[in-house]
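**Q**
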Amino acid sequence: MSDPSVDQRLAAIEAAALRVYAAHGLPTTPGHYRRGPRAKAWTFLGSDLTPAQRFALVLERPPEKGWRYGTLDRLGADEAATDLAQAARHLSLCRTLRERRAAGEIDDAVLLAALDLTPPSVRPRRARPPSPRPAAPASGRGRQGPRSGS
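Numbering (numbering that gives the first Met the number 0), first residue to last: 0 to 149.
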C-alpha cells in the first residue's frame with residue numbers, strides 16, 4: 000500500500016520545479032518535445048510516444064540539422080541558468096523515484112526518510128561570546144629579542 004505523504008512530497012517538489020520552468024518560459028506539461036533550429040519554444044509531441052515513434056521523428060528532422068528533442072525533465076538540464084538545471088534534476092529525480100517505487104525497488108519508508116526536508120526539531124544552540132582570556136604575562140622566556148652587537 001502506498002503512503003499518500005510520499006505522493007504529496009514528490010508532487011510538491013515537482014510543482015516547485017515546474018514553477019521555475021514556467022518562469023523561464025519552458026513548458027510544464029509532462030511528455031516529449033522538440034524544438035526546431037530557429038525556434039525559441041519547444042513543441043509538444045505527446046505524452047506516450049513509443050521508442051519507434053520517437054526514432055521516426057528524429058529521422059524526419061535530425062539533430063544534425065539543428066533539431067532538439069527531449070522529455071520535460073530534460074528541457075532545462077542544459078540551460079545556462081542554474082535554477083533551470085536544478086529544476087530539471089528535481090523533475091528527473093522525482094520521475095526516477097516514482098518508477099523505482101512502482102517497480103517495488105524502493106519502499107515508502109525509505110522514500111519518506113529521503114524526502115524529509117523539514118528542519119530538525121532540536122533548537123539551535125545559542126552562540127556564546129568568547130570568554131575574555133587574560134593576556135599572557137611577559138616573562139622574558141620564550142623568544143629572545145635581538146642581541147646588541149659587542
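Note that CB positions come from ideal geometry on N, CA and C, so glycine has one too.
Keep in mind it's a predicted model, so treat the numbers as computed, not measured.
#1: What span of residues does the beta strand (DSSP E) with ARG33 cover, start to end?
#2: ARG67 bridges to which residues according to DSSP?
#3: Would you call the CB atoms of LEU58 and HIS31 closer than 7 Å?
#4: Hey, LEU25 and ARG33: beta-carbon distance below 7 Å or not?
#5: When DSSP builds the beta bridges, which residues end up paired with PHE54?
#6: In chain order, what residues of the same chain lie with their CB nearer than 7 Å to the CB of SER46, ignoring the 5 residues before and after it?
#7: Smallest Cα separation from ARG88: which of LEU71, GLU98, GLY103, ALA102?
#8: Measure the CB-CB distance between ALA86 and ALA16 and report whether it falls below 7 Å.
#9: To the nearest angstrom, how far is the alpha carbon of GLU98 from that of ALA84?
#10: Should THR117 go down as buried or exposed, given a rule of 16 or more other Cβ atoms within 10 Å for buried?
**A** On the basis of the supplied data:
#1: Along the sequence shown, read from residue 1 onward, the residue named residue 33 stands at position 34. From DSSP, the beta strand (DSSP E) with ARG33 extends over 31–34.
#2: Indexing the sequence shown from 1 puts residue 67 at position 68. Beta-bridge pairing links ARG67 to ARG34.
#3: Residue mapping note: residue 58 aligns to position 59 of the sequence shown, counting from 1. Residue mapping note: residue 31 aligns to position 32 of the sequence shown, counting from 1. The Cβ atoms of LEU58 and HIS31 do not sit closer than 7 Å to each other.
#4: By one-based count along the sequence shown, residue 25 stands at place 26. By one-based count along the sequence shown, residue 33 stands at place 34. Using a Cβ distance threshold of 7 Å, LEU25 and ARG33 do not count as a contacting pair.
#5: The sequence position of residue 54 within the sequence shown is 55, counting from 1. Answer by DSSP bridge pairing: none, since PHE54 is not bridged.
#6: On the sequence shown, residue 46 is found 47 positions in, with the first residue counted as 1. Closer than 7 Å at Cβ, skipping near neighbours: PRO29, GLY30.
#7: Within the sequence shown, numbered from 1, the residue matching residue 88 stands at position 89. Checked all of LEU71, GLU98, GLY103, ALA102; the closest Cα to ARG88 is LEU71.
#8: Here residue 86 corresponds to residue number 87 of the sequence shown, with the count starting at 1. Here residue 16 corresponds to residue number 17 of the sequence shown, with the count starting at 1. Yes. Within cutoff.
#9: Residue numbering aside, residue 98 sits at position 99 when the sequence shown is read from its first letter. Residue numbering aside, residue 84 sits at position 85 when the sequence shown is read from its first letter. The alpha-carbon atoms of GLU98 and ALA84 are separated by roughly 21 Å.
#10: Locating residue 117 in the sequence shown gives position 118, counting from the first residue. Any reading at THR117 needs caution, since the residue's pLDDT is 47, under 50, leaving its predicted position unreliable; the model's value is listed next. Result: exposed.
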